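Take the sequence shown: its letter number 6 is residue 6 in UniProt numbering, and every next letter is one higher. Data block below; observations after.
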Amino acid sequence: MNTQPGLFDTAEVAPPPTPAPAFRDITFHEKRARTLLNKIPGARRGGMAWTLNPYRGCTHACTYCFARDGHAHLGLDTGEGFNTQIVVKTNAADVLRRELRGGKTGDDWIMVGTSTDCYQRAEGHYRLMPGILRALADHRVNFTTTTKSALLRRDIPLYAEAARAANVLVMTSLGSLDERVWRAFEPGAAPPRARLATIAALRAAGVPAGVLIAPVIPHAGDHPDALNALVDACAEAGAVTLYPDVMRISPGARDWFLNQSAAHLPPHLHQRLAASYTNSRAMPARYIREVTAHLHARAAHHGLPRWEDYIRRSRERGPDSTRG
């Protein structure tokens, strides 16, 4: 864990990009999907067993995103192409209803938006999520949604309705409160404070909301004081659980990540990241254990259970949005 503050020099960090007109330089590839639910190999019955992603590619443009690998399988560029070539499954809600009609998922949980953010900018135009949420609620399916976008607030009434029918947990992904980290690594995502406001809005509506402390970016966002402040802010916003995750870099994302790091970060920070990730996907196991234990300890200070424990208790008590 980094204990040397000041790795960022404000003057060395590029300013946030000027907002572009809606969807300029972005290409949407509209697709009629045959299936929407993907079974997780080896998933335990009644647990997190299915994934659902209505989009591929993501305008959030997070430099470290593991889903960049998947763009190569589509014959698309995993760098800038991942940020600007967006596949849209336009019939997502209809396909989901067909798959759920036969009881395909049983008591299993579905994880929505695990690869690319289902509330990225494209969702403002295509509005796929309301139909998906209604289908999940109508079939009383347990599910989680993960996002870095404040656009989710548009659908809070639908989440509240779904939480009365099944177990629902909205996870906001947030690895740092530092806006310099956000601008450098997640330029298209909502600012950290906007994500905290989304958690608070969900909780005010009685919707369970947690935080995926992810990714914790070594050398940039891992100072103990910064991690403490992050957990404290999440607890203050009303988070019901936390799940820590230290940054990993997949093979398909490595070149883009390191190129962006070299182009936009202070040299000393880029050099540390390059030393850590050029020949490895992850930080050493000891480092990951230390960061994870630190975050769990701070969460416990606020009475916040580990994610696994929260999900287990949710299964035991059943849906009740007022409990959060």
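Just so you know, even glycine gets a beta-carbon here, dropped at the ideal spot from N, CA and C. All values derive from a computational prediction rather than experimental measurement.
query: Helix, strand or coil at H296 according to DSSP, with G and I counted as helix; result: helix
query: Start-to-end residues for the alpha helix (DSSP H) that takes in A72; result: R68 to H73
query: Cβ-based burial, R127 [other Cβ within 10 Å; buried from 16]; result: exposed
query: Exposed unless 16 or more other CB atoms sit within 10 angstroms - verdict on G303; result: exposed
query: Endpoints, beta strand (DSSP E) assigned at H302; result: No beta strand (DSSP E) holds H302; DSSP gives it neither H nor E.
query: CA nearest to the CA of A299, picked from W182, H268, A201 and V231; result: V231
query: Within 9 Å, strictly: CB atoms of A274 and A262; result: yes
query: Collapsed DSSP secondary structure at A214 in the structure displayed; result: strand
query: Where D225 falls: helix, strand or coil (DSSP); result: helix
query: Supposed contact pair G210 and W307 - C-beta distance, whole angstroms, cut 8 Å; result: 7 Å
query: DSSP three-state assignment for T84, whether helix, strand or coil; result: helix
query: Assigned secondary structure, L52 (DSSP; H/G/I helix, E/B strand, else coil); result: strand
query: Segment limits, beta strand (DSSP E) that includes I110; result: W109 to V112
query: Through-space distance from R254 to L286, alpha-carbon basis; result: Checking the sequence, you will find Arg at residue 286 rather than Leu. Rounded to whole angstroms, R286 to R254 spans 22 Å at the Cα level.
query: DSSP-derived helix/strand/coil call for F23; result: coil
query: T172 versus C58: straight-line alpha-carbon distance, rounded; result: 16 Å
query: Check whether G206 and A163 have beta carbons under 9 Å apart; result: yes
query: Cβ pair count under 8 Å reaching 3, the segment 91–106 against the segment 25–37; result: yes
query: S176 (DSSP reduced to helix, strand or coil); result: coil
query: Length-filtered (4 minimum) alpha helix (DSSP H) runs lying within the segment 89–151; result: 92–101, 121–126 and 129–138
query: Counterpart residues of E236 in DSSP-defined beta bridges; result: According to DSSP, which records beta bridges pairwise, E236 is partnered with nothing at all.
query: Reference R153, options N142, T144 and V170, closest by Cα; result: V170
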